Amino acid sequence: MEKENARKEESLGQSKYFNCELISKYRNVLMGVQAILIFLHHFSETCMQNSVHSTGLIYYFYTYIGSSGVDVFLLLSGVGLYFSWSKQPDYKIFLKKRFLRILPAYFILAVPTWFWVDIIINKSGATAFLQDLFFVTFFTDGTMTYWYVLMMAVCYLIFPFFYKIVKESKDRVTELMCVLTICSSFTLFTVMLQLYRSSLYENINMALFRFPVFILGILLGKYVYEKRRIPKHYIYVLLGITIFLLGPLEFYNVRILAFYIRALLNISLCLLLVLFFEFISKKRNRFCAVGYQAVVKVLNCLGSYTYEIYLTHLSARKIMLLLGYKVCYLRYTLVWILITLVLSVVLKKCTAGIQRLFR
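Letter by letter, the sequence shown follows residues 961 to 1319 in the working numbering.
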C-alpha cells in the first residue's frame, strides 16, 4: 500500500513538470508544424497585400502568428546543433556537414529562380542576377526572398562560440544570465542600427531580430540534452502573458517587441502541443491511437522536408506573383502547394546525391 501511494505521489509530481527531452522526441513533428505555419504566413501576407480574404482568421493569423514559424525553426535548429556538436566537436566537419545541407539546395533552386526574375522578366542583367544570388541586395535593397539561408550560414559560423558559453556555465543562473546578456546585446545593436543607420536596419532587421531566438535554442538544447524538467505552469503563464501583450495591449504594433512576443507565443503553443501529443500517445483508445499515429506520421514527413519546402514555396510564390498568378486565390494556392510538394521531393533527392559525393 505504501509503495503504491509512493508511486502515485511520484506520478503526481512528474505530472507537474514538462520534461524537455520530449522536445527531442517531437522535434521533427514541430518542424512540420512550422513548415505549415510559414506557408500560411506567406499566404496570409499575399492576402493582406491584395486585400483578398484579409479579415477574420487570416487577419488574426497574420497579426498574432505572422512569421514566427521562422523563429521556431531557428530555436529547434539550436537544439539540433547542440546535440550534433556535443557528439562531434570538430569545427571543420561541423561546417562541412551543415553547409552541404543548405548550400546545394539553395543554388539548385536560386540560380534558375533569379535567372528567370532578373534576366528574363525584369531584364536587369547579370550584375543584378549575381547580386541577388549572393545576397548583396539583401543589404542594399532589402531583398528578403532567401534571407533565411544567409541567416543559417551565419548561425553555423558563430554557433561553437555560443555553445561554449552555454556549456561551460557553472550553474543554471549563470547560463541564464549569459544567454540574457547575449540576447540583450543583439537587441541593443538592432536598436542602435535603427537609430543611426535606419536604411540598413530596414533591409536586414528581419534577420537581426532572429539571433536571440537562435541563442535561446542553444540553451534549450542544453536543457533537452540534460533531460531537465520545468514546471508546466511556466508554459501556461508564458502563453497567458504573450496573449495579453498581443491582444489587449496591442504590442503587435511595436516593431521590435512584436517579433519576440510572437516568437514566445509560438514557442508556448508548441510546448502545449507536445504535451497534448504525449497525452494522446498514452491513451488506450483505438481511435486516439490511429489518429495520433496518422497525424504524427504526416508532420514527421513534412518535418524531414522543412528546408526544401521553405525554399521551393518561396521560389514558386515569387515566380507565380510575377506572372500575375496571385496565390491568395484558391485555384492558384492549390497549384502553389502542388508545385512546392513536388519540387521539395526532387530537391531533396538532388541534394542527397550531392552530399554523398562529398562524404
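Even glycine gets a Cβ: it sits at the ideal position worked out from N, Cα and C. All values reported here derive from a predicted model rather than from experimental measurement.
Residue i in three-state terms, based on DSSP
i	result
Leu-972	Since pLDDT at Leu-972 reaches only 45, below the 50 mark, its modelled position is unreliable, and no value is offered.
Tyr-977	strand
Pro-1049	coil
Pro-1208	coil
Arg-1170	coil
Arg-1244	coil
Lys-1083	coil
Asp-1078	helix
Lys-1056	helix
Val-1214	coil
Val-1258	helix
Arg-1157	coil
Lys-1124	helix
Tyr-1267	helix
Asn-965	Model confidence at Asn-965 stands at a pLDDT of 48, short of 50, so the residue's coordinates are unreliable; what they give is reported in the following sentence. Asn-965 falls in the helix class under three-state DSSP.
Gly-1016	coil
Phe-1095	coil
Cys-1288	coil
Leu-1283	coil
Gly-1102	coil
Glu-1135	helix
Glu-1162	helix
Tyr-986	coil
Phe-1318	coil
Lys-1130	coil
Gly-1029	helix
Ser-1011	coil
Glu-1005	helix
Glu-954	With the chain covering 961 to 1319 only, the question about residue 954 has no answer from this structure.
Lys-1309	helix
Tyr-1252	helix
Val-1302	helix
Residue i and residue j closer than 9 Å at C-beta
i	j	result
Phe-1043	Gly-1181	yes
Phe-1225	Tyr-1024	First, the amino acid is wrong: residue 1225 is Leu here, not Phe. Yes, the pair counts as a contact, with Cβ atoms nearer than the cut-off.
Leu-1035	Phe-1174	yes
Val-1184	Ser-1004	no
Phe-1017	Leu-1233	Going by the sequence as given, residue 1017 is Leu instead of Phe. No, the Cβ-Cβ distance between Leu-1017 and Leu-1233 is not below 9 Å.
Phe-1119	Phe-1033	no
Phe-978	Lys-1192	yes
Thr-1311	Arg-1061	yes
Tyr-1022	Phe-1059	no
Leu-1307	Asn-988	no
Leu-1198	Ile-1216	no
Leu-1160	Phe-1099	yes
Phe-1236	Ile-1221	no
Lys-1257	Val-1077	no
Asp-1050	Ala-1223	no
His-1001	Gly-1029	yes
Leu-1093	Val-1126	no
Trp-1107	Ile-1164	yes
Phe-1095	Phe-1075	no
Ala-1276	Gly-1026	no
Given residue i as reference, the closest of the options once Cα atoms are compared
i	options	result
Thr-1073	Leu-1281, Val-1295, Gly-1313 and Ala-1312	Leu-1281
Ile-1081	Val-1306, Leu-1283 and Lys-1309	Leu-1283
Phe-999	Thr-1266, Tyr-1285, Val-1305 and Phe-1318	Thr-1266
Lys-1187	Leu-982, His-1273 and Ser-975	Leu-982
Val-1012	Lys-1242, Ile-1164, Arg-1319 and Cys-1288	Cys-1288
Gly-1207	Asn-1010, Tyr-1020, Met-1008 and Cys-980	Tyr-1020
Thr-1103	Ala-1086, Phe-1219 and Glu-1162	Glu-1162
Tyr-1196	Ala-1223, Leu-1229, Ile-1216 and Arg-1222	Leu-1229
Gly-1177	Val-1139, Lys-1056, Gly-1026 and Arg-1132	Val-1139
His-1273	Tyr-1066, Gly-1038 and Pro-1049	Tyr-1066
Phe-1121	Pro-1064, Phe-1149 and Leu-1179	Leu-1179
Tyr-1123	Leu-1041, Gln-1009 and Lys-976	Leu-1041
Per DSSP, the bridge partner or partners of residue i
i	result
Pro-1191	Tyr-977
Residue-level contact to chain B via CB, residue i, 9 Å cutoff
i	result
Val-1214	Absence of chain B from the displayed structure is noted, only one protein chain being present.
Query raised in the report: Touching or not, the stretch 1102 to 1111 and the stretch 1164 to 1180, by the rule of three or more beta carbon pairs under 8 Å?
Result: Judged by pairs of C-beta atoms under 8 Å, the stretch 1102 to 1111 touches the stretch 1164 to 1180, as three or more such pairs exist.
Report task. Tell me, please, whether the stretch 1266 to 1276 touches the stretch 988 to 997 by the rule of three or more beta-carbon pairs shorter than 8 Å. Result -> They touch, by the three-pair rule.
Query raised in the report: Pairing CB atoms from the stretch 1074 to 1093 with CB atoms from the stretch 1147 to 1156, are three or more of them under 8 Å?
Result: With a cut-off of 8 Å, the stretch 1147 to 1156 and the stretch 1074 to 1093 do not count as touching, because too few Cβ pairs lie within range.
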